[in-house]
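Asks: When we follow the working numbering, the leftmost residue of the sequence shown carries the number 1, and every step to the right adds one.
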Amino acid sequence: MSAPKVHHYVPAAYLRRFTDDDGYLWIYDSKRKEVRRQKPEQVMRIGRYYRQAWAPEGIDPDIIEKSVAVGLEPDGLAAIERLCNSPEQITGDEAANLVAYLEFQRIRVPRQAAWGCELMRQHLLATIGPKVRADLAKNKLTVTMKDSARFDYMRAALGTIHPWMERMAWEVVEAAPGSAFITTDSPVSFVNPAFLQPAEAGIGLAGTLVLFPLSSRKLLFMTHPECKSLDPGAALPRPTEGNGGVPMSFGDVFDAQKVAKTNWHMAHLAHHLCVAENQFALAAAISI
1 MSAPKVHHYV PAAYLRRFTD DDGYLWIYDS KRKEVRRQKP EQVMRIGRYY
51 RQAWAPEGID PDIIEKSVAV GLEPDGLAAI ERLCNSPEQI TGDEAANLVA
101 YLEFQRIRVP RQAAWGCELM RQHLLATIGP KVRADLAKNK LTVTMKDSAR
151 FDYMRAALGT IHPWMERMAW EVVEAAPGSA FITTDSPVSF VNPAFLQPAE
201 AGIGLAGTLV LFPLSSRKLL FMTHPECKSL DPGAALPRPT EGNGGVPMSF
251 GDVFDAQKVA KTNWHMAHLA HHLCVAENQF ALAAAISI
């Protein structure tokens, strides 16, 4: 199996769930300060993003791209389809597939990769000793994070998020007629009232909500059982795996104002790109 040279960090098949009637996305690019229309295949992609050119002999440098394309992504997208059309019928395997998809989607995007690499850099600076730090301050030395650090971060982060999601209550909500959910280049958002965007809370705090748009019409809204009984910034005990079935509810409809507010939170936790089925949803998300 040959791997494509351009890799999507948010799958085009997922982005198609947010297109207009002509199959285009309305895109707000905060880096370029522009709105444009593009096909899903043309956005949220980087050349050889998953290629590990330093892989030792005998290891396929494109193993991540190939394995994700045949397993995690199609299984996760099938679970998304189930949540959109018949959430009451979701199986344990489908829920597990979705959790795996969400965890990887969360950590693989450039925004999170950059954050992870910066954490590693700060840890390195804290452990190198005062003399080396003094040399750095005098520009005698420099610290360069290689691209392999991004993969080190992903390996370290995998497995740390899904136990939290498995203990949360899941709700599939619908956008009221005339309104639409957006998505972004960092589509799995952690929102907590104790933190102001663009600061982002950890998933292990009582008030942290997980927002994941399933389509222009539907959004997955995840909350901790303690969200109403504890301070939103309170740290929760680390969960163990295998917490049983996920509590699921559905049928709630967000009015246009609540949809716009939800979109605002997601837009302000994006890296550079927000996408929607129309320019009005984009404008409302950015301007609130």
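Glycine residues also receive a C-beta, built at the ideal position from the N, C-alpha and C atoms.
May I have the straight-line CA-CA distance separating A137 from D21, to the nearest angstrom?
Replies: 55 Å
Asks: Does the distance from the C-beta atom of E174 to that of F221 stay below 8 Å?
Replies: no
Asks: What is the rounded straight-line gap between the Cα of L230 and the Cα of G204?
Replies: The C-alpha of G204 is placed about 13 Å away from the C-alpha of L230.
Asks: Counting only the same chain and skipping the five closest in sequence on each side, list residues whose C-beta sits under 6 Å from that of Q105.
Replies: V188
Asks: So K131 is in the beta strand (DSSP E); what residue range does that whole segment cover?
Replies: It is not in any beta strand (DSSP E) - K131 instead sits in the alpha helix (DSSP H) that spans P130 to A137.
Asks: Using a Cβ distance threshold of 8 Å, determine whether the region 64-79 contacts the region 36-55, with at least three qualifying pairs required.
Replies: yes
Asks: What do you get for S179, buried or exposed, if any count of 16 or more other CB atoms within 10 angstroms of its CB means buried?
Replies: buried
Asks: Determine whether the beta carbon atoms of P247 and P163 lie at a separation below 8 Å.
Replies: no
Asks: Leaving out five residues on either side along the sequence, give the residues of the same chain with a beta carbon under 6 Å from the beta carbon of V253.
Replies: E174 and A176
Asks: Is it buried or exposed for I288, if we count other Cβ within 10 angstroms and need 16 for buried?
Replies: Because I288 carries a pLDDT of 48, less than 50, the predicted location of this residue cannot be relied on, and the following value inherits that uncertainty. Per the 10 Å Cβ criterion, exposed.
Asks: Cβ of V275 within 8 Å of Cβ of L98?
Replies: no
Asks: Using the Cα positions of G233 and E88, report the straight-line distance between them to the nearest angstrom.
Replies: Cα-Cα distance, rounded: 32 Å.
Asks: Between the region 121-134 and the region 194-212, are three or more C-beta pairs nearer than 8 Å?
Replies: The answer is no - the region 194-212 does not touch the region 121-134, with fewer than three Cβ pairs under 8 Å.
Asks: May I ask you to list the residues that DSSP assigns as paired with F212?
Replies: L220
Asks: Taking DSSP as the reference, what is the three-state secondary structure of I288?
Replies: Only weak support exists for where I288 lies, its pLDDT of 48 falling under 50; the value from the coordinates is given anyway. In this structure, I288 counts as coil in the three-state DSSP scheme.
Asks: When we look at the beta-carbon of K218 and count the other beta-carbons within 10 Å, is it buried (16 or more) or exposed?
Replies: buried
Asks: Going by Cα to Cα distance, which pick from D152, T144, V210 and A281 is closest to A169?
Replies: V210
Asks: Would you mind sorting Q292 into buried or exposed? The rule is 16 or more other CB atoms within 10 Å of its CB.
Replies: A question about residue 292 goes unanswered here, because the residues of the chain that appear run from 1 up to 288.
Asks: Taking all protein chains shown into account, do 16 or more other C-beta atoms lie within 10 angstroms of the C-beta of V6, making it buried, or fewer, making it exposed?
Replies: exposed
Asks: Taking just the CA atoms, how far does T144 sit from V191?
Replies: If I take the Cα positions, the gap works out to 31 Å.
Asks: Leaving out the 5 sequence neighbours to the left and right, which residues in its chain are closer than 6 Å to M165 when beta-carbon positions are compared?
Replies: V99
Asks: If you drop the 5 nearest sequence neighbours on each side, which residues of the same chain put their C-beta closer than 7 Å to that of Y24?
Replies: R37, Q38 and K39
Asks: How many Å lie between I182 and S215 at the Cα?
Replies: If you take the alpha carbons of I182 and S215, they lie about 8 Å apart.
Asks: Is E226 near A206, with beta carbons less than 8 Å apart?
Replies: yes
Asks: Just tell me which of D152, C84, L158 and I161 has its CA closest to the CA of R121.
Replies: Of D152, C84, L158 and I161, the residue nearest in Cα terms is D152.
Asks: If we call anything under 8 Å between Cβ atoms a contact, is V10 one with I27?
Replies: Going by C-beta atoms, V10 is not nearer than 8 Å to I27.
Asks: Can you tell me whether I64 is helix, strand or coil according to DSSP?
Replies: Looking at I64 - three-state DSSP - the assignment turns out to be helix.
Asks: Please classify A194: does DSSP put it in a helix, a strand, or coil?
Replies: coil
Asks: List in chain order: all unbroken alpha helix (DSSP H) runs of 4+ residues lying wholly within the region 36-80.
Replies: 63-67
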